[in-house]
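Just so you know, the sequences run in chain order A and B.
Numbering of the first sequence is given in the working numbering, commencing with residue 582 and proceeding in unit increments.
Numbering of the second sequence is given in the working numbering, commencing with residue 726 and proceeding in unit increments.
Where a beta carbon is used, it is the ideal one built from N, C-alpha and C, also for glycine.
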Amino acid sequence: MRYLPLTEADRRTMLAAIGSETVDALFCDVPSAARLPGPVPGLPNHADELTVERAFQAWAARNLSPANAPCFLGAGAYRHHIPASVDHLIQRGEFLTAYTPYQPEVAQGTLQYLFEFQTQVALATGMEVANASLYDGATATAEAVLMAARITRRSRIVLSGGLHPHAREVTATNARFMNLDLVQLPPDWDGGETASDAVNSATACVVVQNPDVFGRVRDLAPLAATCHAAGALLVVVVNEVVSLGMLRPPGDMGADIVAAEGQSLGNATGFGGPTVGLFATREKFVRQMPGRLVGETVDADGRRGFVLTLSTREQHIRREKATSNICTNSGLCALAFTIHLTLLGEAGFARLAKLNHVAAVSLADRLAAIPAVTVMDGPFFNEFTVHLPKPAVAVVEALAGRGILAGVPAARLFPEADHAAEADARLLVAATETNSEDDMDRFATALEEELR
Amino acid sequence: MTQEGSTTSGHRGLDAEEPLSFEQGSPDKTGVDLPEPAAGVDRLGGLTRTRPIGLPGLAEPEVVRHYLRLSRQNFCIDGGFYPLGSCTMKHNPRLNEKLARLPGIGDLHPLQPVSTVQGALALIDACAGWLKALTGLPAVAMSPGAGAHGELTGLMTIRAALEDRGDARARVLVPESAHGTNPASARFCGYRVEAIPADRRGRVDVAAMKQKLGPDVAAIMLTNPNTCGLFENDILEIAEAVHDAGAFFYCDGANFNAIVGRVRPGDLGIDCMHINLHKTFSTPHGGGGPGAGPVVLSAALAPFAPVPSVVHGEDGTFRIIEHPCQSDAKPFGRVKGFHGQFGMFVRALAYMMSMGADGLHQASADAVLNANYLMARLDGTLHPAFPGPCMHEALFDEDTLKDTGVTTLDLAKALIDEGFHPMTVYFPLVVHGAMLVEPTETESKQTLDAFIASLKSLVARAHGGDARFFEEAPRLAPRRRLDETRAARQPVLRWRPPAPEIAAE
Ligand SMILES: Cc1ncc(COP(=O)(O)O)c(C=O)c1O
């Protein structure tokens, strides 16, 4: 077996050194009734590379790859072009096959890129400090809420109706088990939500998403002011980080904590995972942050170096009193993120954001020209919601049959029966730099035909 | 400071000193060519950025060199022996990486119509099938992001099941030797944590555990094999006592590699166990993730598993339950966005299919054999914390270093100069100066012999009175020992632009 270097002769020599007759004898502490006499029944035996590869090719063939179909899906996962060098660099064994940098003398590569990553995340979100990543945007949102409750010593959590339902459900699930008091505002179908009205003196935080799940962008400064006046924190969720190349960042609008999904930079949509959760806050809250933090220091020769730091917040030191239970995070996805952003640089990132916005505006105008299609009012970045005269699920299915991945029906995200009246006709549509003018024409034409 | 071999550039041969990306380039450069966007388009409603971000600009060759140079400052499994106990640093096959990037697998959007991702759902179902067969448990929640997340998810499932039978309980029992994530996960599930002591054999003190059991205990969280590298040989008795008390038996499966393919946790009375796909099933550790932590569940717990779950629909198709309202069972909620760490399912499944039932059966045997070989050959060099045989990792204490002035940490740092990654040190907490060595099955006897030779010579050197040699180690790594106290006292967690020089009046 190709992954096992020991030979039968090695095994015999080693058993002799141990003084054991058989390997089975080494398992003597396992109750004998639970020791299987041979391989686990019901599973095939080992297979060569070619055989395994064929099986995966067969699975792949049963999927419609967005590479072969114009794709307008967003809703928390965005298809962007990833420069070739990103995937090349993250597959270097030194990055791919190392682990958490517990021995900093031989992990400066990981530590330095995480330090740069933390800097990029803090800068792009307009915040002061960022951690070395969490699992994804949804779990980062849940962590933000728990942190806000610790800081304010309050338990009332207000979740905006513009939050992506997955982030909302993950947050609600975690909050429920911690006995927090949840106020979930109804889905903000038409952008009329006034989250400020839900803030009172018991409120730990308000959680809003920008752009929201329907694609709308808004100025959060007034909400931040209301929160702060009430002693509450404002948590801002960003699901499309490319927007930060162009949009006013949460920090500039008064956010206290930013929880973001970083997939858009460096990471493929990958059927939703793994991705990378970004987490940024104000310096004064740093000791309440979840997750790993890399800090600068010097070595015994006085040379600059980096280490994991402030670990008295973490589970391996503080156990049940830790700020989070997280251990393994999203290191390699953070690396992909940071390489992509370094490649883009200030100018490239701004340009990428602009290309996304231009593509989305262009698509919105095309779709708005279709009779019976209404595009939502108000500002947006690279995603928006349209109202169709037919259930969006059926339309999307029909367009998929024609090789077009048309968007995410709101009913997919809000499947509850009591939302059907609002959700059924709505379709979330995203456009990125990967969508050509041709793609958009095909989509608009096909949609018009479907609605005829 | 000047030292032997110092150079003008700061580089030393192949070892390059690399400044931060922020200290390079200029903001107008870029490493990505993008077309000029149409001018004058703005539907941001006046919410555009009002100031630059402050990112540097580098051309592609500069970026590639930056990261390549950084990579060379890392130790990795590809490059050397990495016996980091509890982390199962086994070889990471590149076939896994290739398959995770196939068109139609790596590029799927998580919210494509279900009719267009039948292969992906079949793949998740196949991965789940392997995990269920290998653990002997009937259900699995696939979505947790890593081991700790699996722990939290498993406990949430337990709490949901208990609350469903109107039996809210308050405490979770966790051995003192447990990994820090165990008590932390219990706490974030709303439980009070109670520690149970280890006995002199490095195993749970069963009598003490039984005393702590009671009607308000929701679960015990046991790692098996435990963090001392030992199999909890009273496990059947423990399981019975836990079940008699109406509680659930949670197993931390971080050490599943010791028994995979030969012992099914379901046959040991375990109700719930997370599996670190990045340990047992060879998905790469990635410098600290991403991992995946699916949780296998007993029939009693299965109905309460979180969404999403893949189910067989009519006519051989697959469906995905994404919201509790779509489920006939009683999912407690959701723990992660979308469908979990799909890319890790691909890699783990590629590994399981490559190894097969026979290969996995052999892998755990070799992992245990390698650890016992190290323990036997180091007899007299390092002191085993507990008598053997061990399972897949060998645990030593600091005893043989007593009176040498050399600590566990010093020895670890000296191993770096020998070209090995140190073992896990000072964990588990129940052993003084712990050194936890996990060789895994993907190391050859030749590698183990070289490691043994280095350890023997280092320990002999410690006994020879050369404590200074150890205090100064490592000397041959990209950095000498780093000042962690300073890092924590005056935290510098990001780069900041140098303060503009104030012009002299
Ligand atoms: C025994 C044990 N339990 C739990 C964990 C946590 O797993 P993860 O890092 O995947 O969250 C680890 C590993 O780090 C471990 O060694």
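Among the options, which residue has its Cα nearest to the Cα of residue i?
i: V929/B; options: A1192/B, R1221/B, I963/B and T906/B; result: I963/B
i: L761/A; options: A941/A, W640/A, N848/A and A783/A; result: A783/A
i: E709/A; options: V1217/B, P1225/B and P1223/B; result: V1217/B
i: P685/A; options: L856/B, L809/B, L820/B and F800/B; result: F800/B
i: E630/A; options: L1201/B, L1074/B and N1095/B; result: L1074/B
i: L1154/B; options: G872/B, H1048/B and A903/B; result: A903/B
i: G986/B; options: F973/B, D1083/B, G1011/B and L898/B; result: D1083/B
i: G876/A; options: S892/A, T678/A and A614/A; result: S892/A
i: R593/A; options: P1199/B, K1170/B and A895/B; result: K1170/B
i: F1176/B; options: P1225/B, R1205/B and N1095/B; result: N1095/B
i: V780/A; options: R735/A, L922/A, Y716/A and A748/A; result: R735/A
Between which two residues does the alpha helix (DSSP H) harbouring residue i extend?
i: A1087/B; result: Correcting the residue identity first, residue 1087/B is Gln in this sequence and not Ala. Start and end: F1067 to R1102.
i: G690/A; result: Q689 to T706
i: E978/A; result: A973 to G982
i: M728/A; result: G718 to T733
i: H897/A; result: Q896 to R899
i: I838/A; result: From DSSP, I838/A is part of no alpha helix (DSSP H) but of the beta strand (DSSP E) over I838 to E842.
i: C852/B; result: Q843 to T860
i: V715/A; result: The amino acid occupying residue 715/A in the given sequence is Leu; Val does not appear at that position. L715/A -> no alpha helix (DSSP H), and no H or E assigned at all.
i: I985/A; result: Counting along the chain, I985/A falls outside any alpha helix (DSSP H), and DSSP gives it neither H nor E.
i: C914/A; result: G912 to A949
i: F1024/A; result: E1018 to L1032
Hey, quick one: how far does the beta strand (DSSP E) through residue i stretch, first residue to last?
i: R1044/B; result: F1043 to I1046
i: S1034/B; result: S1034 to H1037
i: F965/A; result: E964 to H968
i: C976/B; result: F973 to D977
i: P900/B; result: R896 to P900
i: R737/A; result: R737 to L740
i: Q1051/B; result: Unbroken run through Q1051/B: none, as it is neither H nor E.
i: V888/A; result: R885 to L889
i: T948/B; result: V942 to T948
In this structure, does DSSP put residue i in helix, strand or coil?
i: N626/A; result: strand
i: Q1171/B; result: helix
i: G762/A; result: Reading off the sequence, residue 762/A comes out as Asp, not Gly. Strand, per DSSP.
i: D1122/B; result: strand
i: I671/A; result: helix
i: M881/B; result: helix
i: G619/A; result: coil
i: T850/A; result: coil
i: P1109/B; result: strand
i: T912/B; result: At residue 912/B the sequence reads Arg, which differs from the Thr that was named. Helix at R912/B.
i: D880/A; result: strand
i: M814/B; result: coil
i: V1000/A; result: For the sequence presented, residue 1000/A should be read as His rather than Val. Helix.
i: Q790/A; result: strand
For residue i, which residues from the same chain have a beta carbon less than 7 Å from its beta carbon, with the 5 sequence-adjacent residues on both sides left out?
i: K1004/B; result: C812, T813, A979 and N982
i: T727/B; result: With a pLDDT of only 47 at T727/B, under the threshold of 50, the placement of this residue in the model should not be trusted; the figure read from the coordinates follows. Within the same chain, T727/B has no close Cβ partners at all.
i: L936/A; result: E1014
i: L925/A; result: L933
i: P835/B; result: F1063 and H1064
i: F930/A; result: G826 and L922
For residue i, I'd like the list of residues in its chain whose CB is within less than 8 Å of its CB, leaving aside the five on either flank, ordered along the chain.
i: A1229/B; result: With a pLDDT of 48 at A1229/B, under the threshold of 50, the predicted position of this residue should be treated as unreliable, though the coordinate-derived value follows. None.
i: E822/B; result: P1009 and R1072
i: A1110/B; result: G927, C953, L1120, F1121, D1122, V1156 and A1159
Skipping 5 residues on each side, what residues in its chain have a beta carbon closer than 6 Å to that of residue i?
i: Y807/B; result: M814 and H1146
Name, going along the chain, the residues of the stretch 770-782 of chain B whose beta-carbon falls closer than 9 Å to a beta-carbon of chain A.
G770, G771, L772, T773, R774, T775, R776, P777, I778, G779, L780, P781 and G782
Residues of the stretch 640-672 of chain A with Cβ closer than 7 Å to any Cβ of chain B, in chain order
W640, A641, A642, R643, N644, L645, S646, P647, A648, C652, L654, A656, G657, A658, R660, P664, S666, L670 and Q672
Would you list, in chain order, the members of the stretch 998-1030 of chain B that have their beta-carbon closer than 7 Å to a beta-carbon of chain A?
H1003, P1009, H1010, G1011, G1012, G1013, G1014, P1015 and G1016
Residues in the stretch 818-851 of chain B having any Cβ partner in chain A nearer than 7 Å
P818, L820, E822, L824, L827, P828, G829, I830, G831, D832, L833, H834, P835, L836, Q837, P838, S840, T841, V842, Q843, G844, A845, A847 and L848
Could you please tell me which residues of the stretch 682-701 of chain A, in chain order, have their CB closer than 9 Å to any CB of chain B?
P682, Y683, Q684, P685, E686, V687, A688, Q689, G690, T691, L692, Q693, Y694, L695, F696, E697, Q699, T700 and Q701
If contact means a Cβ-Cβ distance below 9 Å, which residues of the stretch 948-961 of chain A contact chain B?
G959, P960 and F961
Report the residues of the stretch 1165-1182 of chain B with a CB closer than 9 Å to any CB of chain A, ordered along the chain.
E1166, T1167, E1168, S1169, K1170, Q1171, T1172 and L1173
Under 9 Å, CB to CB, which of the residues in the stretch 1098-1119 of chain B have a partner in chain A?
Y1098, M1100, A1101, R1102, G1113, P1114, C1115 and M1116
Between the stretch 905-934 of chain B and chain A, which residues of the former have CB atoms less than 7 Å from a CB of the latter, in chain order?
G905, T906, P908, A909, S910, A911, R912, F913, C914, G915 and V918
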